[in-house]
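Everything on this sheet refers to the single structure shown next.
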Amino acid sequence: MSDSLRIALAAGDGIGPEIMEATLALFKAAGVMEKLEFVPVEMGGSEFLRGNTRGMSDSAIRTVEDCGILFKGPMETPKGSGGKSINVTARKLWNAYANYRVFKTLPGVETVYSKAGINIDMAIVRENIEDTYGGVEHRLSNDMIQCKRLISAPGCDEVHRFAFQTARKLGLDKIHCGHKANIMKMTDGLFLDRFRAIGRDFQEIKQEDVIVDALCMNLVMRPQQYEMVVLPNLQGDIVSDLVAGLVGGLGFAPSANIGNNISIFEAVHGTAPDIAGRGIANPTSLILSGLMLLRHVCLVKEAAAIENALLATLESGVRTGDFGDKSRAAVGTREFVGAIEKNLGNKPTTVACAHEAHVDEKTGPLKFVRPHKPVSQRVMRTFKNVVTQVVGCDIYLDTPLSPIALAEEMNRSCVDTPFRLTLISNRGTQVWPTGSVYTECVDYYRVRFELKDGVSPGSFGQSRCVALMDKIAEAFTVCSYELLRTFDGVKGYSLAQGQ
Ligand code: NAI
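Counting from 1, position 194 in the sequence shown corresponds to residue 193 in numbering that gives the first Met the number 0; the numbering is continuous, with no gaps.
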């Protein structure tokens with residue numbers, strides 16, 4: 000086994016061990032174990048029970064980092080205790096920045112689309128690290144809670160490059176960027192701008208953007224128009240489950256979390272505690288995730304053989320209890336996999352066969368190259384040598400005052416400073432100097448100060464803004480503060496609604 004590739008293996012909780020055992024038996028029958036060595040690691044429920052709030056042992060972390068690849072079953076997230084979702088922890092800890100999920104119409108898995116003869120074959124690439132998933136949340140006043148949405152240019156670049164490279168490898172014609180840049184002009188705007196910037200290196204692929212709400216409607220009405228969609232984290236999370244529903248549910252949706260150093264392959268459904276230990280779970284999602292792993296390490300031939308056998312089995316009507324023709328008896332997990340093993344060497348007849356090529360036309364036989372282990376944390380940068388100038392600040396206050404009363408106080412605070420009060424907003428809507436009496440306010444305001452006439456941008460750094468905030472803090476609770484700057488002359492902040 001010395002020259003075989005080592006893969007860290009976490010069977011998971013609930014139905015995890017059952018479906019993992021079945022998947023590995025299938026891999027063995029297909030000759031995969033001659034090339035891969037699966038190394039068990041301790042992760043999930045048992046680690047949480049030991050009081051480990053990360054849900055993984057130190058030795059598990061070391062093994063995953065040594066192997067560079069983790070194959071995992073579903074894992075439970077303890078409710079109410081300090082334990083965080085192990086799935087989110089693993090993706091963020093190891094910077095598995097691109098969540099790649101493929102969705103295909105499968106024979107024997109009946110959906111409204113399959114009944115209508117509509118074939119679905121598409122992928123979603125979801126950014127996996129940033130967005131509201133940063134988990135940066137604060138209570139700002141009695142009545143207001145904030146979750147910071149962080150989108151970075153290098154984070155966007157990584158996920159877009161992965162999407163385009165994957166689309167090129169698969170020979171796709173078109174890739175869409177899903178977003179909400181019509182509303183979140185700066186964050187989603189950046190995601191879309193970087194899609195276009197990275198796309199310049201992939202001119203042979205058609206590139207379009209689509210607003211996420213329209214995307215959801217289009218996916219339900221005409222899913223076959225999409226080949227690949229790349230999305231920010233939260234939108235991608237929701238849209239990928241929507242597409243899973245179009246092809247029969249989470250039981251048929253595999254998932255890969257790809258990073259530069261470590262990648263994680265997992266079933267996307269949960270631990271199914273209601274059927275755990277009964278030997279009746281459907282292993283298809285985990286098998287399909289395992290096929291993504293095999294393709295990732297260039298075992299394309301083995302992956303195609305297993306996929307074709309799986310498709311032929313589904314075609315024959317063999318099913319576990321959660322899907323398929325209810326007039327036929329359901330089989331258990333082991334029998335289901337046994338039927339796939341028997342079909343190794345066979346191909347489906349009603350759907351396209353899996354692609355077997357293991358030679359790239361340009362570069363020759365595909366070979367997996369294990370990424371190097373980084374020696375330290377890398378600081379990624381997209382934009383350098385940008386000229387920035389301070390032009391003011393937004394100060395956020397916890398106060399129950401009315402907008403007019405607050406404006407009087409703020410105008411007094413900035414008399415002897417380089418700033419003038421230009422705006423007060425509440426929940427993002429301008430309430431001063433103009434506003435509507437219909438705008439209902441809460442106890443949390445943004446107060447914007449910009450340079451007085453005659454003070455030139457960049458004539459001082461941020462210390463004057465901090466001094467203003469300090470002065471205001473003598474009478475008010477300042478919850479937070481944002482510096483207003485221009486970047487190469489362009490405003491680095493949005494306007495308020497109604498401004
Ligand atoms: P779930 O996906 O475990 O179950 C939902 C329903 O689908 C249940 O009726 C279950 O029996 C069925 N089901 C799921 N997978 C199946 C399979 N392979 N074969 C047949 N039926 C299947 O979702 P639930 O109940 O919300 O979560 C249970 C636990 O799983 C929770 O602790 C949750 O945190 C965890 N979870 C873990 C995930 C992961 O590790 N990737 C993802 C989602 C949930």
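Idealized CB from N, CA, C, for every residue including glycine.
If you drop the 5 nearest sequence neighbours on each side, which residues of the same chain put their C-beta closer than 8 Å to that of THR22? Here the question's residue 22 lines up with position 23 in the sequence shown. Cβ within range, chain order: PRO282, LEU285, ILE286, GLY289, VAL336.
Under DSSP, the alpha helix (DSSP H) around ALA162 begins and ends at which residues? Position 163 of the sequence shown holds residue 162. Residue range 152-169 is occupied by the alpha helix (DSSP H) that includes ALA162.
If we count the other Cβ atoms within 10 Å of its Cβ and call it buried at 16 or more, is MET0 buried or exposed? Sequence index remark: in the sequence shown, residue 0 carries index 1 (1-based). Unreliable positioning characterises MET0 in this predicted model, as indicated by a pLDDT of 45, which lies under 50. A coordinate reading is not provided.
What do you reckon, is the C-beta of ASN181 under 7 Å from a heavy atom of the ligand NAI? Residue 181 sits at position 182 when you count from the first residue of the sequence shown. No, Cβ of ASN181 sits at least 7 Å from all heavy atoms of the ligand NAI.
Residues near LYS91 in its chain [Cβ-Cβ closer than 7 Å; skip 5 each side]: Mapped onto the sequence shown, residue 91 falls at position 92. For LYS91, where only same-chain residues beyond five positions count, the Cβ hits under 7 Å are ILE128.
Whether or not the region 293-309 and the region 229-242 are in contact is what I'm after, with contact meaning three or more pairs of Cβ atoms, one per stretch, closer than 8 Å; do they touch? As far as the Cβ criterion goes, the region 229-242 does not touch the region 293-309, which means the pair count is below three.
If you follow the alpha helix (DSSP H) that MET220 is part of, which residue opens it and which one closes it? Translated into the one-based positions of the sequence shown, residue 220 becomes position 221. 211-220 is the span of the alpha helix (DSSP H), which, as asked, contains MET220.
Once DSSP output is grouped into helix, strand and coil, what is the label at LYS173? The count along the sequence shown starts at 1 and reaches residue 173 at position 174. DSSP places LYS173 within a strand segment (E or B) once states are collapsed to three.
Would you say the region 118-128 touches the region 218-226, given that touching needs at least three Cβ pairs under 8 Å? With the cut-off at 8 Å, the region 118-128 and the region 218-226 touch.
Endpoints, alpha helix (DSSP H) assigned at GLY198: One-based indexing of the sequence shown puts residue 198 at position 199. Per DSSP, the continuous alpha helix (DSSP H) segment holding GLY198 begins and ends at 186-198.
Using a Cβ-based criterion (distance less than 7 Å to any ligand heavy atom), does ALA271 qualify as near the ligand NAI? The residue given as residue 271 occupies position 272 in the sequence shown. For the ligand NAI, at least one heavy atom lies less than 7 Å from the Cβ of ALA271.
Quick one, which of VAL389, GLY72, GLY116 has its alpha-carbon nearest VAL246's? By 1-based counting over the sequence shown, the position of residue 246 is 247. For VAL246, the nearest C-alpha among the options comes from GLY116.
Check whether the region 452-472 touches the region 387-402, counting contact only when three or more Cβ pairs, one atom from each stretch, lie closer than 8 Å. Counting Cβ pairs under 8 Å, three or more are found: they touch.
Below 7 Å, is the gap between the Cβ of ALA311 and the nearest heavy atom of the ligand NAI? Taking the first residue of the sequence shown as 1, we reach residue 311 at position 312. Taking 7 Å as the cut-off, the C-beta of ALA311 does not count as close to any heavy atom of the ligand NAI.
Taking 7 Å as the cut-off, is the beta-carbon of PRO73 closer than that to any non-hydrogen atom of the ligand NAI? Here the question's residue 73 lines up with position 74 in the sequence shown. Yes.
Can you give me the C-alpha to C-alpha distance between TYR112 and THR104, rounded to a whole angstrom? Taking the first residue of the sequence shown as position 1, residue 112 is located at position 113. Taking the first residue of the sequence shown as position 1, residue 104 is located at position 105. Cα to Cα, the separation comes out at about 8 Å.
The ligand NAI heavy atom lying under 7 Å from the CB of ILE18: Here residue 18 refers to the residue found at position 19 of the sequence shown. With a cutoff of 7 Å, ILE18 counts as near the ligand NAI, since its C-beta is closer than that to a heavy atom of the ligand.
Within 10 Å of its beta-carbon, does ARG411 have 16 or more other beta-carbons around it, so buried, or fewer, so exposed? Residue numbering aside, residue 411 sits at position 412 when the sequence shown is read from its first letter. Counting other Cβ atoms within 10 Å of its Cβ, ARG411 stays below 16 and is therefore classed as exposed.
Keeping to the same chain, check which residues put their C-beta closer than 7 Å to that of SER56; ignore five residues upstream and five downstream. The residue given as residue 56 occupies position 57 in the sequence shown. Excluding residues within five positions, the ones whose Cβ falls inside 7 Å are GLU41, GLU46.
Give the straight-line distance between the Cα atoms of LEU189 and LEU214, rounded to the nearest whole angstrom. The residue labelled residue 189 in the question sits at position 190 within the sequence shown. The residue labelled residue 214 in the question sits at position 215 within the sequence shown. About 19 Å.
Simplified DSSP state of ASP487, which is helix, strand or coil: As a working note, residue 487 is residue 488 in the sequence shown. Reduced to three states, the DSSP call for ASP487 is coil.
Would you list the residues sitting across from GLY391 in a DSSP beta bridge? In the sequence shown, the residue the question calls residue 391 occupies position 392. Bridge partners of GLY391 according to DSSP: GLU449, LEU483.
Determine whether the beta carbon atoms of GLU126 and PRO272 lie at a separation below 8 Å. In the sequence shown, residue 126 corresponds to position 127, counting from 1. In the sequence shown, residue 272 corresponds to position 273, counting from 1. In this structure, GLU126 sits away from PRO272, with a CB-CB distance that is not shorter than 8 Å.
Grab me the residues of HIS354's own chain with a C-beta within less than 7 Å of its C-beta, minus the 5 sequence neighbours each way, in chain order. Position 355 of the sequence shown, counting from 1, holds the residue named residue 354. Correct list, in chain order: ALA303.
What separation, rounded to the nearest whole angstrom, lies between the Cα atoms of ARG377 and LYS383? Taking the first residue of the sequence shown as position 1, residue 377 is located at position 378. Taking the first residue of the sequence shown as position 1, residue 383 is located at position 384. Between ARG377 and LYS383, the C-alpha separation is close to 16 Å.
With a 10 Å radius around its C-beta and 16 neighbouring C-beta atoms as the bar for buried, classify ALA351 as buried or exposed. Within the sequence shown, numbered from 1, the residue matching residue 351 stands at position 352. Exposed, because fewer than 16 other Cβ atoms sit within 10 Å of the Cβ of ALA351.
CB of ASP321 to nearest heavy atom of the ligand NAI: below 7 Å? Locating residue 321 in the sequence shown gives position 322, counting from the first residue. ASP321: yes, Cβ under 7 Å from the ligand NAI.
Segments of 3+ residues assigned as beta strand (DSSP E) that fall wholly inside the region 249-277: Unbroken beta strand (DSSP E) stretches of 3 residues or longer found wholly inside the region 249-277: 253-257, 262-266, given in chain order.
Given the structure, does GLY497 come close to the ligand NAI, in the sense that its CB is under 7 Å from one of the ligand's heavy atoms? Along the sequence shown, one-based indexing puts residue 497 at 498. Every heavy atom of the ligand NAI is 7 Å or more from the Cβ of GLY497, so no.
Tell me whether THR76, by its Cβ, gets closer than 7 Å to a heavy atom of the ligand NAI. Taking the first residue of the sequence shown as 1, we reach residue 76 at position 77. Checking the Cβ of THR76 against the ligand NAI gives yes.
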